[in-house]
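**Student:**
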Amino acid sequence: MASFFRVFSLRNLLVLSLALNVSLIWRVLYEKEDSEAINGPSLDNKREAFRTDSMASEAQATQRTHLYIPSSSSSSSSSSSTVDSNGRDRVINLDHGDPTMYERYWQQTGDKSTIVIPGWQSMSYFSDAGSLCWFLEPEFAKEIIRLHKIVGNAVTEDRHIVVGTGSTQLYQAVLYALSPPDAAEPLSVVSAAPYYSSYPSITDCLKSGLYKWAGDAQSFSKEGPYIELVTSPNNPDGHVRQSVVNKSGGILVHDLAYYWPQYSPIAAAADHDIMLFTVSKSTGHAGMRIGWALVKDEEVAKKMVKYVELNTIGVSKDSQLRAAKVLQVATDGCKYPASEEGSLFDFAANVMEERWKLLRAAVRQSGLFTLPEFSPGLCRFLNSSFAPRPAFAWLKCEAPIEDCEAFLRSNKILTRGGKHFGVGPQYVRISMLDRDEIYDVFVQRLSTIHLRQSMQVDETVE
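With mature numbering (1 follows the signal peptide of the UniProt record, and there is no 0) applied, the sequence shown corresponds to residues -19 to -1, 1 to 443, in that order.
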């Protein structure tokens, strides 16, 4: 035994161990390859393949981004259309008035319209505890007055400003403020048809005993007090409106969301007891959810403030501060038009003018539709005379098309039908405020519908 250990030295043991280890490694590798051939790649290989595929996908996505750069953020592009490579199969959604056409202007302003809000700022409920509207940011109130003064579209002297979460909340606040709490029956709320499609649902959504929707103001004949909503320029048809109920006991509420020079000539400063405005249609910032009311009567303003207090305990300070900055930039652009991006209202007016020209040309080429005609008027702000260019097109389908909304839907164009506005189905409302690429596809498609007229009419009538 001793002679064996002398012959089989330590060096021999090391060599033997190395040989055994190499043999074991080769066997493991052989079995692994054989297993993969039968059962597929290992987990590690699958992960590596996934990482490789992911990197390739990201590279392809990056390449697509560089090849196609939209004029706006992609966050809401799917809300307007489903996209393909050539536009033929797009579903164009122009049902809602999402004002994304303004994105191009605000991209050009860069840091001018940017604000930074520190984490410690705007923590209190109160903006100005001593004012009538205690949650109204003073800076926002100042910029509201500046903008109205330079545009000349509303009287601000001797008015109380009430801020709301969009003009929708302010509309509800107005109904609350104007309705007697001890009335024997709900106060009637009316508006001349075609009226804003959300008026009936907003009015009746809470089934309030204070007020109720009573329909078309032109046929309203009930005795007693009432509220008449006057939208001017009107949504959906773009016409300048006056009150139509010819009787005493009524209270007028003027919704002036579209009384801005990009949509309508500013003939004079509106001077009414209650006037509603919104950031969404003046500057395009619908996502801020900010509106304001100019109210002459102090008690009405106090009741409106009370409603907002009960409903949402005020209005977002962050949104108000951002809105103040946006209004400031819009006003400064009017005062100093030499700036590179120019005036917001010049930009929007030019876009709307061009879009209406394209739409009227498409309607003439199709031969299936008609649009309202507007008389030119002098705009004191732009110092020019022009016909209104509304934010919505009130399109009528001519015979034999009976349901215009269904007819356009069959051509992958989504609109809002006339029944929502208190009129017949031969009318639809079409938003004019979407992004350029969406609008261009829309007018091109509308102009060619006549080529498939017989087929589409048959589908609609069935």
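Note that CB positions come from ideal geometry on N, CA and C, so glycine has one too.
Being a predicted model, the structure only gives us computed values, none of them experimental.
1) Given residue 157, which residues of its chain have a CB within under 6 Å of its CB, disregarding the five upstream and five downstream residues?
2) Which residue's Cα is closest to the Cα of residue 125: 332, 296, 301?
3) Go to residue 375, then tell me how far its alpha helix (DSSP H) extends in each direction, as first and last residue.
4) Only counting runs of 3 or more residues, tell me where the beta strand (DSSP E) segments fall wholly within the region 203 to 266, in order along the chain.
5) Measure the alpha-carbon distance for residue 112 versus residue 308 and round it to whole angstroms.
6) Cutting at 6 Å between CB atoms, please list the residues of its own chain near residue 333, excluding the five before and the five after it.
7) What is the rounded straight-line gap between the Cα of residue 78 and the Cα of residue 373?
8) Are three or more beta carbon pairs between the region 375 to 395 and the region 251 to 263 nearer than 8 Å?
9) Roughly how many whole angstroms lie between the Cα atoms of residue 74 and residue 107?
10) Rounded to whole angstroms, what is the Cα-Cα separation between residue 129 and residue 179?
11) Could you compute how far the alpha carbon of residue 52 sits from the alpha carbon of residue 280?
12) Taking the C-alpha atoms as reference points, what is the distance between residue 159 and residue 340?
13) Can you tell me which of 98, 220, 173, 191 puts its alpha carbon nearest to the alpha carbon of residue 202?
14) Would you say residue 382 and residue 349 are within 8 Å of each other, going by their C-beta atoms?
15) Three Cβ pairs or more, each shorter than 8 Å: is that satisfied between the region 412 to 429 and the region 77 to 97?
16) Who are the near neighbours of residue 293 in its chain, counting only those whose CB is closer than 8 Å to its CB and skipping five residues on each side?
17) First and last residue of the alpha helix (DSSP H) that includes residue 287?
18) May I have the straight-line CA-CA distance separating residue 93 from residue 403, to the nearest angstrom?
19) With residue 130 as the anchor, note down where its alpha helix (DSSP H) starts and where it stops.
20) Just tell me which of 245, 269, 233 has its CA closest to the CA of residue 257.
21) Determine, using beta carbons only, whether residue 273 and residue 143 come nearer to each other than 8 Å.
22) Under the three-state reduction of DSSP, which class applies to residue 77: helix, strand or coil?
23) Per DSSP, what kind of secondary structure is residue 274 in: helix, strand or coil?
24) In whole angstroms, what is the alpha-carbon distance linking residue 49 and residue 76?
25) Could you have a look at residue 180 and say whether DSSP puts it in helix, strand or coil?
26) State the Cα-Cα distance for the pair residue 267 and residue 345, rounded to the nearest angstrom.
27) Just checking, does the region 245 to 254 make contact with the region 351 to 368 on the three C-beta pairs under 8 Å criterion?
28) Looking only at its own chain, which residues have a Cβ that is under 8 Å from the Cβ of residue 188, when we skip the five neighbours before and after it?
29) Please name the residue, chosen from 303, 355, 296, 428, that lies closest to residue 117 on a Cα-to-Cα basis.
30) Under a Cβ-count criterion, where at least 16 other Cβ atoms within 10 Å of its own Cβ denotes burial, should residue 219 be classed as buried or exposed?
31) Less than 8 Å between the beta carbons of residue 152 and residue 183, yes or no?
32) Determine, using beta carbons only, whether residue 217 and residue 390 come nearer to each other than 8 Å.
33) Residue 110 to residue 136, Cα distance in whole Å?
34) Give the secondary structure of residue 316 by DSSP, where H, G and I count as helix, E and B as strand, and everything else as coil.
35) From which residue to which residue does the beta strand (DSSP E) around residue 408 run?
36) Tell me whether residue 359 is buried or exposed, calling it buried when 16 or more other Cβ atoms sit within 10 Å of its Cβ.
**Tutor:** In short, the structure shows the following:
1) Within the sequence shown, the letter at position 176 stands for residue 157. So the list reads 288, once near-sequence residues are dropped.
2) Along the sequence shown, one-based indexing puts residue 125 at 144. Comparing C-alpha distances from residue 125 to each of 332, 296, 301 shows the shortest one belongs to 301.
3) The residue given as residue 375 occupies position 394 in the sequence shown. Run containing residue 375: none in the alpha helix (DSSP H); it sits in the beta strand (DSSP E), 373 to 378.
4) 207 to 212, 231 to 236, 255 to 259
5) Your numbering for residue 112 matches position 131 in the sequence shown. Your numbering for residue 308 matches position 327 in the sequence shown. Roughly 22 Å separates the two Cα atoms.
6) Translated into the one-based positions of the sequence shown, residue 333 becomes position 352. The residues are 243, 370.
7) The residue you call residue 78 lines up with position 97 of the sequence shown. The residue you call residue 373 lines up with position 392 of the sequence shown. Cα to Cα, the separation comes out at about 8 Å.
8) no
9) As a first step, residue 74 must be located in the sequence shown, where it is residue number 93. As a first step, residue 107 must be located in the sequence shown, where it is residue number 126. Roughly 40 Å separates the two Cα atoms.
10) The sequence position of residue 129 within the sequence shown is 148, counting from 1. The sequence position of residue 179 within the sequence shown is 198, counting from 1. Distance between the alpha carbons of residue 129 and residue 179 is about 26 Å.
11) For this step, residue 52 is matched to residue 71 along the sequence shown. For this step, residue 280 is matched to residue 299 along the sequence shown. Because residue 52 carries a pLDDT of 38, less than 50, the predicted location of this residue cannot be relied on, and the following value inherits that uncertainty. Between residue 52 and residue 280, the alpha-carbon positions lie close to 46 Å from each other.
12) By 1-based counting over the sequence shown, the position of residue 159 is 178. By 1-based counting over the sequence shown, the position of residue 340 is 359. About 41 Å.
13) If you number the sequence shown from 1, residue 202 lands on position 221. Of 98, 220, 173, 191, the residue nearest in Cα terms is 173.
14) As a first step, residue 382 is located in the sequence shown; it is residue number 401 there, counting from the start. As a first step, residue 349 is located in the sequence shown; it is residue number 368 there, counting from the start. Judged by their CB atoms, residue 382 and residue 349 are nearer to each other than the 8 Å cut-off.
15) yes
16) Here residue 293 corresponds to residue number 312 of the sequence shown, with the count starting at 1. Excluding residues within five positions, the ones whose Cβ falls inside 8 Å are 146, 150.
17) Mapped onto the sequence shown, residue 287 falls at position 306. Residues 279 to 293.
18) On the sequence shown, position 112 is the one that residue 93 refers to. On the sequence shown, position 422 is the one that residue 403 refers to. The straight-line gap from Cα to Cα measures roughly 43 Å.
19) Locating residue 130 in the sequence shown gives position 149, counting from the first residue. Unbroken alpha helix (DSSP H) run through residue 130: 119 to 132.
20) Locating residue 257 in the sequence shown gives position 276, counting from the first residue. For residue 257, the nearest C-alpha among the options comes from 233.
21) Looking up residue 273 in the sequence shown gives position 292. Looking up residue 143 in the sequence shown gives position 162. Cβ atoms of residue 273 and residue 143: closer than 8 Å.
22) Residue numbering aside, residue 77 sits at position 96 when the sequence shown is read from its first letter. Residue 77 falls in the coil class under three-state DSSP.
23) To locate residue 274, count along the sequence shown from 1; it is residue 293. Strand.
24) As a first step, residue 49 must be located in the sequence shown, where it is residue number 68. As a first step, residue 76 must be located in the sequence shown, where it is residue number 95. Note that residue 49 has pLDDT 28, beneath the 50 cutoff, so the model's placement of it is unreliable and the number below is only indicative. Taking the straight line joining both Cα atoms gives about 26 Å.
25) Here residue 180 corresponds to residue number 199 of the sequence shown, with the count starting at 1. Reduced to three states, the DSSP call for residue 180 is helix.
26) Here residue 267 refers to the residue found at position 286 of the sequence shown. Here residue 345 refers to the residue found at position 364 of the sequence shown. Between residue 267 and residue 345, the C-alpha separation is close to 32 Å.
27) yes
28) Walking along the sequence shown from the start, residue 188 turns up at place 207. Excluding sequence neighbours, residue 188 sits near nothing in its chain.
29) As a first step, residue 117 is located in the sequence shown; it is residue number 136 there, counting from the start. Of the listed residues, the one whose Cα sits closest to residue 117 is 296.
30) Residue mapping note: residue 219 aligns to position 238 of the sequence shown, counting from 1. Answer is buried; the Cβ neighbour count reaches 16.
31) Within the sequence shown, the letter at position 171 stands for residue 152. Within the sequence shown, the letter at position 202 stands for residue 183. Yes, the Cβ-Cβ distance between residue 152 and residue 183 is below 8 Å.
32) For the purposes of this step, residue 217 is taken as the residue at position 236 of the sequence shown. For the purposes of this step, residue 390 is taken as the residue at position 409 of the sequence shown. No, they are not a contact pair.
33) What you label residue 110 is simply residue 129 of the sequence shown in a count that begins at 1. What you label residue 136 is simply residue 155 of the sequence shown in a count that begins at 1. Approximately 25 Å between the Cα atoms of the pair.
34) Start at 1 with the first residue of the sequence shown, and residue 316 comes out as number 335. Helix at residue 316.
35) If you number the sequence shown from 1, residue 408 lands on position 427. 408 to 412 is the extent of the beta strand (DSSP E) around residue 408.
36) To locate residue 359, count along the sequence shown from 1; it is residue 378. With fewer than 16 other Cβ atoms within 10 Å, it is exposed.
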